[in-house]
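Visitor:
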Amino acid sequence: MNWFTKTFSSTVGRKIVMSITGLFLCSFLVVHLIGNLQLFNEDGGAAFNIYSRFMGTNPIIRTMEIVLLLGFLFHIYDAIVLTKKNKTARPVDYAVNRPQENSTWSSRNMGLLGTVILVFLIIHLWNFFVPARFGGLEGVVIDNVHYENLYLKVVQSFQIWWYVALYVISMIALAYHLIHGFQSAFQTLGLDHKKYTPFIQAFGYAFSVIVCLGFAVIPLYFFFFR
Ligand code: HEM
1 MNWFTKTFSS TVGRKIVMSI TGLFLCSFLV VHLIGNLQLF NEDGGAAFNI
51 YSRFMGTNPI IRTMEIVLLL GFLFHIYDAI VLTKKNKTAR PVDYAVNRPQ
101 ENSTWSSRNM GLLGTVILVF LIIHLWNFFV PARFGGLEGV VIDNVHYENL
151 YLKVVQSFQI WWYVALYVIS MIALAYHLIH GFQSAFQTLG LDHKKYTPFI
201 QAFGYAFSVI VCLGFAVIPL YFFFFR
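Quick note on our numbering: the sequence shown kicks off at 1 and runs consecutively.
1. What are the boundary residues of the alpha helix (DSSP H) that includes Glu65?
2. Have a look at Ala185 and Ala206 and give me their C-alpha separation to the nearest angstrom.
3. Throw me the rounded Cβ distance for the Arg133 and Val81 pair, which I believe falls under 8 Å.
4. When you measure from the CB of Pro219 to every non-hydrogen atom of ligand 1, does any distance come out below 7 Å?
5. When you measure from the CB of Asn36 to every non-hydrogen atom of ligand 1, does any distance come out below 7 Å?
6. To the nearest angstrom, how far is it from the Cα of Ile50 to the Cα of Tyr147?
7. Would you mind stating whether Phe120 and Leu166 have Cβ atoms separated by less than 8 Å?
8. For Ala47, I'd like the list of residues in its chain whose CB is within less than 8 Å of its CB, leaving aside the five on either flank, ordered along the chain.
9. Whole angstroms are fine: how far does the CA of Phe129 sit from the CA of Met55?
10. For Ala79, count the other beta carbons within 10 Å of its own beta carbon; 16 or more makes it buried, fewer makes it exposed. Which is it?
11. Who are the Cβ neighbours of Ile239 in its own chain at under 8 Å, not counting the five residues just before and after it?
12. Counting beta carbon pairs with one atom in the segment 148 to 168 and one in the segment 185 to 196, are three or more of them shorter than 8 Å?
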């Protein structure tokens, strides 16, 4: 095994990979949310459909999609390996173990929260990304140009109550996952300091709540007001 493989398959190496990919996925969430805010334009979906065409055809964005996929895969794979390693290293809990007092609920349930997010992601991609990239959407003409009507797909999807419920529940899980993950990533990368840690924690908390609230409002808006 060369030094590279050795470093990144060690526990510390895997934690570093999880932190970097986690923070990268956070930056994706910001871009994705800002793009999705165009759904609120009162233009029958024109801006959103034009934006989606750009995202689906721009070569830089398409390349970033592959980086994004790799980010997800490494993050999930290392999470599974580290969880297994922890279980094997300590199959029986410490005799004196008060997890409720010594750690937060989200830090003890990152695997469960991650699984909820993964299930959400599979359903989400199947519903939006697959038809957007591989066909199956109705067409619409905007300024004499033909577009795929992804906006209509969003409107139709968020008329279904259980679909809206899935999004809202998943965004609660995502918020808890991010609240712990954000500050944990900084700690793993050695970017914590007595002076700055409270700020990083507060920023991570605000980031998680604002981003997840932003995503959750979209299905609720379409269900109740459109
Ligand atoms: C209400 C919330 C959301 C809406 C309306 C929404 C909408 C969409 C749409 C329409 C697409 C297809 C875009 C295209 O291919 O042109 C997409 C793709 C995607 N979404 Fe979401 N999304 C939401 C929340 C999320 C969340 C919370 C995550 C991650 C946890 C996520 C992850 C992704 C990924 C990874 C893709 C594929 C990559 C891409 O096309 O950029 N989405 N989303």
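For every residue, glycine included, the Cβ atom is placed at its ideal position computed from N, Cα and C.
Guide: The answer reads as follows:
1. Position 65 of the sequence shown, counted from the first residue, corresponds to residue 65. Its alpha helix (DSSP H) spans residues Pro59 to Ala89.
2. Counting from one through the sequence shown, the residue named residue 185 turns up at place 185. Counting from one through the sequence shown, the residue named residue 206 turns up at place 206. Those two C-alpha atoms are separated by around 16 Å.
3. Taking the sequence shown and counting its residues from 1, the one referred to as residue 133 is at position 133. Taking the sequence shown and counting its residues from 1, the one referred to as residue 81 is at position 81. Not confirmed; about 30 Å, so no contact.
4. For this step, residue 219 is matched to residue 219 along the sequence shown. At least one heavy atom of ligand 1 is nearer than 7 Å to the Cβ of Pro219, so yes.
5. The residue labelled residue 36 in the question sits at position 36 within the sequence shown. For Asn36, the shortest C-beta to heavy atom distance toward ligand 1 is below 7 Å.
6. Against the sequence shown, residue 50 aligns to sequence position 50. Against the sequence shown, residue 147 aligns to sequence position 147. Spanning the two alpha carbons is a distance of roughly 7 Å.
7. The residue you call residue 120 lines up with position 120 of the sequence shown. The residue you call residue 166 lines up with position 166 of the sequence shown. Going by C-beta atoms, Phe120 is nearer than 8 Å to Leu166.
8. As a first step, residue 47 must be located in the sequence shown, where it is residue number 47. Within the same chain, Ala47 has close Cβ partners Gln38 and Asn41.
9. If you number the sequence shown from 1, residue 55 lands on position 55. If you number the sequence shown from 1, residue 129 lands on position 129. One C-alpha to the other measures close to 11 Å.
10. Along the sequence shown, read from residue 1 onward, the residue named residue 79 stands at position 79. It is buried - the Cβ of Ala79 has at least 16 other Cβ atoms within 10 Å.
11. Nothing about residue 239 can be read from this structure; the chain reaches only from 1 to 226.
12. The segment 185 to 196 vs the segment 148 to 168: no contact.
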